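**Q** In my numbering, each number is its position in the sequence shown, counted from 1, plus 15. Built from N, CA and C at the ideal position, the CB exists for glycine as well. If you're wondering where the values come from, they're calculated on a predicted model, not measured in any experiment.
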Amino acid sequence: MFLAPDGQLLSQNVLAARLGVLIPDDFCRIWSAYRALVSPEKFEPLAYYVFTLFPSIPPEAHGGPNVPPEVRIFGRIGADGGVYGYLVHAPECPADDYPVGIFVAIDHEGFLARAPTTRPAFELLLAQRLQWNLENPADPQPARAIEVARELATTLGLTIERRRIPRGRPFRPKLPAGWRHVPTLDGVGALAPADAFARKPHPGYRRPTPLAAPMAAARDALRAGLPGTALALARDVWTNHWGVTGVPEELGPILIAAYTALGRPAYATIVQRQVEIAVPWNKKIEDRFGPRKRPE
16 MFLAPDGQLL SQNVLAARLG VLIPDDFCRI WSAYRALVSP EKFEPLAYYV
66 FTLFPSIPPE AHGGPNVPPE VRIFGRIGAD GGVYGYLVHA PECPADDYPV
116 GIFVAIDHEG FLARAPTTRP AFELLLAQRL QWNLENPADP QPARAIEVAR
166 ELATTLGLTI ERRRIPRGRP FRPKLPAGWR HVPTLDGVGA LAPADAFARK
216 PHPGYRRPTP LAAPMAAARD ALRAGLPGTA LALARDVWTN HWGVTGVPEE
266 LGPILIAAYT ALGRPAYATI VQRQVEIAVP WNKKIEDRFG PRKRPE
């Protein structure tokens with residue numbers, strides 16, 4: 016939630032501490048303008064009808080075991096565990112703004128980019144919901160939501176009327192000089208200096224390949240001083256198999272070591288918390304339904 020108990024917006028520094036990255040000025044500008052139009056008790060409920068998301072930065076800085084640490088969540092879509100957020104591959108490299116997209120694990124499409132920065136992303140969110148509200152006037156909330164959206168657009172200089180709403184697309188980052196990006200199944204990929212990767216192309220992981228081979232390859236990459244390759248291999252396995260008994264316990268240390276070696280301790284901490292959630296969850300499911308078969 017973006018509001019303090021007294022109804023004031025949390026400061027940019029507090030939001031940055033919660034999100035784990037520098038907060039773009041446009042993000043604060045948009046929510047400040049929205050806050051000026053609605054009362055504190057309407058801030059979150061009405062936001063869904065204005066932006067199609069519930070504004071929320073998880074206190075633990077992650078959205079559950081299936082959300083990659085690189086997705087810095089600032090809102091939820093309220094269905095199927097879908098989240099909106101910034102894609103921040105390398106928090107050690109500060110930036111003024113970040114790509115924005117949606118991640119819905121159940122869709123198996125991975126992270127889908129919606130816009131390159133904050134402003135066009137929220138322009139699309141407002142336009143998308145405005146279009147839906149205009150087509151569904153019987154819904155009890157749209158009248159006020161339409162007013163707020165149009166006032167926001169006027170205040171911020173956004174174009175939201177009669178917009179074509181593009182579908183999200185797989186993300187392809189702009190590479191810093193001397194860096195490399197290796198795609199992964201979660202749509203995020205591993206981005207790091209080129210010398211963090213093996214020269215040989217990343218073999219990838221596809222079901223139902225036995226888990227032993229890619230996990231061993233990830234460990235070998237760590238020992239060889241190639242944390243980028245280790246991260247890419249481990250993320251592919253995690254995406255498909257974090258819910259398999261024993262996998263979080265084995266794979267978590269590999270991911271933690273890879274993030275640590277890349278200078279991303281905050282992401283290593285997130286993985287540790289995800290493991291702590293996944294292990295008892297898998298045990299609960301196993302007790303009820305039996306263990307999920309592990310590809311071997």
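Quick check on Leu149: buried or exposed, where buried means 16 or more other Cβ atoms within 10 Å of its Cβ?
**A** exposed
**Q** Taking DSSP as the reference, what is the three-state secondary structure of Tyr99?
**A** strand
**Q** Does the distance from the CB of Leu30 to the CB of Ile38 come in under 7 angstroms?
**A** yes
**Q** Helix, strand or coil, according to DSSP, for Ile292 in the structure here?
**A** helix
**Q** Are the segment 77-87 and the segment 289-302 touching by the rule of at least three beta carbon pairs closer than 8 angstroms?
**A** The segment 77-87 vs the segment 289-302: in contact.
**Q** What is the rounded straight-line gap between the Cα of Lys189 and the Cα of Val115?
**A** If I take the Cα positions, the gap works out to 14 angstroms.
**Q** Report the residue from Arg50, Ile45, Arg44, Phe42 whose alpha carbon sits nearest the alpha carbon of Ala19.
**A** Of the listed residues, the one whose Cα sits closest to Ala19 is Arg50.
**Q** For Phe118, does the count of other Cβ atoms within 10 angstroms reach 16, so buried, or fall short, so exposed?
**A** buried
**Q** Ala192 by DSSP, collapsed to three states: which one?
**A** coil
**Q** Per DSSP, which residues does Phe69 bridge with? Please list them.
**A** Arg91
**Q** When the Cβ atoms of the segment 130-146 are set against those of the segment 298-307, are three or more pairs found closer than 8 angstroms?
**A** no
**Q** Considering just the uninterrupted stretch of the alpha helix (DSSP H) at Leu149, what are its terminal residues?
**A** Its alpha helix (DSSP H) spans residues 133-150.
**Q** Using 8 angstroms for Cβ pairs, my map puts Leu270 next to Ala205. What's the rounded Cβ distance?
**A** Wrong, their Cβ atoms sit about 11 angstroms apart, outside the cutoff.
**Q** Suppose contacts are defined by Cβ-Cβ distances below 7 angstroms. Is Gly243 in contact with Ala272 by that definition?
**A** no
**Q** Short of 6 angstroms in beta carbon distance, which residues of its chain neighbour Asp41, apart from the five on each side in sequence? Order them along the chain.
**A** Thr133, Arg134
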